[in-house]
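*Asks:*
Protein chains in written order, with our numbering: chain G, 50 to 497; chain V, 166 to 473.
#1: Closer than 8 Å, CB to CB, is residue 185/V near chain G or not?
#2: Below 8 Å on the Cβ atoms is my contact criterion, and I expect residue 287/G with residue 77/G to pass it. Report the Cβ-Cβ distance as a whole number of Å.
#3: Examine the Cβ distances between the stretch 152-160 of chain G and the stretch 80-88 of chain G and report whether three or more of them are shorter than 8 Å.
#4: Runs of 3 residues minimum, wholly inside the stretch 299-347 of chain G: which ones carry the beta strand (DSSP E) assignment?
#5: Taking the beta strand (DSSP E) that residue 139/G belongs to, which residues open and close that run?
#6: Quick one, which residues of the stretch 418-431 of chain G are near chain V if we go by CB-CB under 8 Å, in chain order?
#7: With distance defined between alpha-carbon atoms, name the residue in 234/G, 291/G and 111/G nearest to residue 68/G.
#8: From residue 497/G to residue 491/G, what does the alpha carbon distance come to, in whole angstroms?
#9: Check the Cβ-Cβ distances between residue 481/G and every residue of chain V, and say whether any is below 8 Å.
#10: What are the partner residues of residue 102/G, as DSSP defines its beta bridges?
#11: Do residue 438/G and residue 421/G have their beta-carbon atoms positioned less than 8 Å apart in this structure?
#12: Mind checking which residues open and close the beta strand (DSSP E) that includes residue 382/G?
#13: Identify which residue in 437/V, 365/V, 295/V and 381/V has its Cα closest to the Cα of residue 416/V.
#14: Please confirm whether residue 251/V and residue 287/V have their CB atoms less than 8 Å apart.
#15: Quick one: grab the DSSP three-state call for residue 175/V.
#16: Flag this pair as touching only if the stretch 373-380 of chain G and the stretch 330-344 of chain G have three or more C-beta atom pairs under 8 Å; answer yes or no.
#17: Which full runs of the beta strand (DSSP E) of 3+ residues lie inside the stretch 239-277 of chain G, going along the chain?
#18: Can you name the start and end residues of the beta strand (DSSP E) that residue 150/G belongs to?
#19: Residue ranges of each alpha helix (DSSP H) run of no fewer than 4 residues wholly in the stretch 416-447 of chain G, ordered along the chain?
#20: Mark residue 198/G as exposed unless 16 or more other C-beta atoms lie within 10 angstroms of its C-beta, in which case mark it buried.
#21: Could you name the residues of the same chain whose beta carbon sits closer than 6 Å to that of residue 467/V, not counting the 5 residues immediately before and after it, in chain order?
#22: Contact criterion: CB-CB distance below 8 Å. Does residue 126/G meet it with respect to chain V?
#23: Can you check whether the C-beta of residue 91/G is within less than 8 Å of a C-beta belonging to chain V?
#24: Of all the residues that make up the stretch 378-392 of chain G, which are near chain V by a beta-carbon distance shorter than 9 Å?
#25: What does the Cβ neighbour count give for residue 451/V, buried or exposed, with the cut at 16 atoms within 10 Å?
#26: Count the other CB atoms, across all protein chains shown, that sit within 10 Å of the CB of residue 230/V; report buried if there are 16 or more and exposed otherwise.
#27: Tell me where the beta strand (DSSP E) around residue 281/G begins and ends.
#28: Output the distance between the C-alpha atoms of residue 304/V and residue 328/V, rounded to the nearest integer angstrom.
#29: Whose C-alpha, out of 434/G, 452/G and 435/G, is nearest the C-alpha of residue 442/G?
#30: Rounded to the nearest angstrom, what separates residue 349/V and residue 343/V at their Cα positions?
#31: Step through the CB atoms of chain G and report whether any lies within less than 8 Å of the CB of residue 461/V.
#32: Quick check: the stretch 379-397 of chain G against the stretch 459-477 of chain G, are there 3 or more CB pairs under 8 Å?
#33: Tell me which same chain residues have a C-beta within less than 8 Å of the C-beta of residue 139/G, skipping the five on either side of it?
#34: I'd like the list of long-range same chain contacts for residue 437/V, defined as Cβ closer than 7 Å, with 5 residues on each side in sequence excluded.
#35: From 54/G, 457/G and 468/G, pick the residue whose C-alpha is nearest to that of residue 254/G; which is it?
#36: State the beta-bridge partners of residue 359/G as determined by DSSP.
Structure below.
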């Protein structure tokens, strides 16, 4: 098989759908959100153990000061995103529906930075410790702690680092802006990871609907000192979901991650481009992950923009900053394909948010589902080679045996099936329920 | 602020069932026009009657069953037009009504409506008519453009003297939609370009017929260009509901359709076999799906084997 690292051409991937790009904010320089009055910083913005608050009501905190950490290794520390006074530590329901302890900080408006020093990094262990201290988690997706991801278990060899800048979700342009505005940070982050983890090949993967980002990254990669000629910028076909981990690995290396396996099983580590840039900044300045560039867009937004928002800022503040053209009917955290619909805009922005979309009645309208005509469009669209119609039917019938046989747990819920369904059936939504049923049953079996 | 909360995705593609059915109707238009030109006004009348009767029957069925009215998805109209196109232009309307009833009421709605019928409704209607009124359904109709000196026998029932151009353009007797191959091909190209059907089923089915007739010593050109093969391959065998959803299943299905067509034509006591071949493969579709839909099963077994 041809190797994209050598040929410069991506491998073919299965399925996928053509979604409208709606990248209205791609050319807009990032603007900073005025310091919010209050931020509510959740103690769980990652997969793994929740953090314990290190501050109490009445404490004064500075930007970048650590306010939450856990003893468990599978976690990521949390830092204050504004300077001010802690005015509350209490449980709150977050955007996804989970309840987490939040630390409420009332800002003093000064954004005073804590005395920070760049970490001392000399070898692999100190590098991984620094990554943990940066508070970095998977910024594009589920919030997997980055130091765990980079700590490849013994017995597995990783020869390729993939920097994910595919950004295949409609509307979102945050990663695109990172490439254009923070290209040097991206590359220095990449060099640091490649150096300390001794990874010989790096592919920065960008969809070909962002030619300016590709050109900029190539320019920087060419003009920087690339020891061992490790880095390539790969142009991917613009198709949803090119940025999904397994699809990206397939496209960039031709390798297949085994069912239930991790990227390391295919010799890869996949890191979001903004994650690489944030890491580089932390290594340079010691400033951890305290703010996020988010795309604010949707047909209810008056002035779509890329906004740099302190973590913990209520979504409502961000919406107010960009202005609402009319009352939104749906507010999404993330893109329209995989984002979470919010019930309440008072919830705080979390680390792995990359977009806030406000849709009007018209934009949020969904057609009523009709009968499945077995057209097979969902089968063709599925990037995992599954049969969504079979899974959805089995899920509705509660048939866990068929769900298991048809590979329900391989489904990554990208939504290509529902998107392509001419009968507007809620396919992936049903499969989600089916996966829950199946997991429950497997848990019971393990116990019994 | 009143917000809707729903599970992702929050975006939907443009494809809808009614648009797909409209595309099929548009693709059938050349064949309808050809039927009008070749067989006269009565052909158009028969098609219109069949389509309206099917839509009406669907309406009544849904009302009686107290279900949502689904006539606007267009599938009943498609069934009606297709059924008419597989019949000669001089079919008595009372016979046609029986076919429509079987197609819509018995085969489609009694099994739960669109998506739940296990065989193609139009073909089932046609087969019932074929068995019930053999003479009327096998009539050659009154083609105005028959080549000189040709009796009305159709090529498959022993008529001779047709040139390839006659067969291709429709200067033959028989069912009104099956005569003009050019019109069917125009519809085929439209459907493929619009992404409504994949070319796999028609190409593989016709290819199988050509190859298999060559092997058993029949004239492949005659076999491909006569009877209802092209209409069946493009519009009937590709029916979503009754064809497999996986690529491998689809290929096997199309090969089966082609094989049975030739077997019935050459070795059974019937002049034409396309309808029976497709219906037979329709019935096998659930099995073909089962065979190819569970890729994870094999992997899990393999992994389990390694563990032990």
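Ideal Cβ placement from N, Cα and C applies to all residues, glycine included.
Just so it is clear, the structure is predicted and the values come from calculations on it, not from any experiment.
*Replies:* Per the coordinate set shown:
#1: Reading the second chain from its first residue, position 20 is the one you call residue 185/V. By this cut-off, residue 185/V is an interface position.
#2: For the purposes of this step, residue 287/G is taken as the residue at position 238 of the first chain. For the purposes of this step, residue 77/G is taken as the residue at position 28 of the first chain. Their Cβ separation, rounded to whole angstroms, is 20 Å, which puts residue 287/G and residue 77/G out of contact at 8 Å.
#3: yes
#4: 317-321 and 340-346
#5: Position 90 of the first chain, counted from the start, is the residue given in the question as residue 139/G. Segment 133-142, the beta strand (DSSP E) holding residue 139/G.
#6: The stretch 418-431 of chain G vs chain V, Cβ under 8 Å: 419, 420, 421, 422, 423, 424, 425, 426 and 428.
#7: By 1-based counting over the first chain, the position of residue 68/G is 19. Of the listed residues, the one whose Cα sits closest to residue 68/G is 291/G.
#8: For the purposes of this step, residue 497/G is taken as the residue at position 448 of the first chain. For the purposes of this step, residue 491/G is taken as the residue at position 442 of the first chain. Spanning the two alpha carbons is a distance of roughly 10 Å.
#9: Reading the first chain from its first residue, position 432 is the one you call residue 481/G. At least one beta carbon of chain V lies nearer than 8 Å to the beta carbon of residue 481/G.
#10: The sequence position of residue 102/G within the first chain is 53, counting from 1. 117/G.
#11: By one-based count along the first chain, residue 421/G stands at place 372. By one-based count along the first chain, residue 438/G stands at place 389. Yes; because the gap between Cβ atoms is below 8 Å, this pair is in contact.
#12: Walking along the first chain from the start, residue 382/G turns up at place 333. It spans 379-382 - the beta strand (DSSP E) in which residue 382/G sits, taken as one unbroken run.
#13: Counted from its first residue, the second chain places residue 416/V at position 251. Looking at the Cα atoms, 365/V is the closest of the given residues.
#14: Within the second chain, numbered from 1, the residue matching residue 251/V stands at position 86. Within the second chain, numbered from 1, the residue matching residue 287/V stands at position 122. Cβ atoms of residue 251/V and residue 287/V: closer than 8 Å.
#15: Here residue 175/V refers to the residue found at position 10 of the second chain. Residue 175/V sits in coil when the DSSP states are folded into three classes, being neither helix nor strand.
#16: no
#17: As far as the stretch 239-277 of chain G is concerned, its whole beta strand (DSSP E) runs of at least 3 residues are 250-256.
#18: The sequence position of residue 150/G within the first chain is 101, counting from 1. Run containing residue 150/G: 148-156, per the beta strand (DSSP E) assignment.
#19: Listed in chain order, the alpha helix (DSSP H) elements of length 4 or more contained wholly in the stretch 416-447 of chain G are 426-430 and 437-446.
#20: Within the first chain, the letter at position 149 stands for residue 198/G. Classification for residue 198/G: buried.
#21: Within the second chain, residue 467/V is the residue found at index 302, counting from 1. Note that residue 467/V has pLDDT 42, beneath the 50 cutoff, so the model's placement of it is unreliable and no number is given.
#22: Walking along the first chain from the start, residue 126/G turns up at place 77. Taking Cβ atoms only, chain V never reaches closer than 8 Å to residue 126/G, which makes this a no.
#23: Against the first chain, residue 91/G aligns to sequence position 42. No, no contact with chain V.
#24: Result list: 378, 379, 380, 381, 383, 384, 385, 386, 387, 388, 389, 390, 391 and 392.
#25: Residue numbering aside, residue 451/V sits at position 286 when the second chain is read from its first letter. Exposed.
#26: Sequence index remark: in the second chain, residue 230/V carries index 65 (1-based). Answer is exposed; the Cβ neighbour count stays below 16.
#27: The sequence position of residue 281/G within the first chain is 232, counting from 1. That run of the beta strand (DSSP E) goes 280-285.
#28: Against the second chain, residue 304/V aligns to sequence position 139. Against the second chain, residue 328/V aligns to sequence position 163. Taking the straight line joining both Cα atoms gives about 21 Å.
#29: Position 393 of the first chain holds residue 442/G. When only C-alpha atoms are compared, the closest one is 452/G.
#30: Here residue 349/V corresponds to residue number 184 of the second chain, with the count starting at 1. Here residue 343/V corresponds to residue number 178 of the second chain, with the count starting at 1. Approximately 8 Å between the Cα atoms of the pair.
#31: Looking up residue 461/V in the second chain gives position 296. Reliability of the predicted coordinates at residue 461/V is poor, the pLDDT of 44 falling under 50, and the value obtained from them is presented with this limitation in mind. For residue 461/V, the nearest beta carbon of chain G is closer than 8 Å to its own beta carbon.
#32: yes
#33: Indexing the first chain from 1 puts residue 139/G at position 90. So the qualifying residues of the chain are 150, 151 and 153.
#34: Counting from 1 along the second chain, the entry for residue 437/V is found at position 272. Hits under 7 Å: 321, 392, 393 and 430.
#35: The count along the first chain starts at 1 and reaches residue 254/G at position 205. Checked all of 54/G, 457/G and 468/G; the closest Cα to residue 254/G is 54/G.
#36: For the purposes of this step, residue 359/G is taken as the residue at position 310 of the first chain. Partner(s): 340/G.
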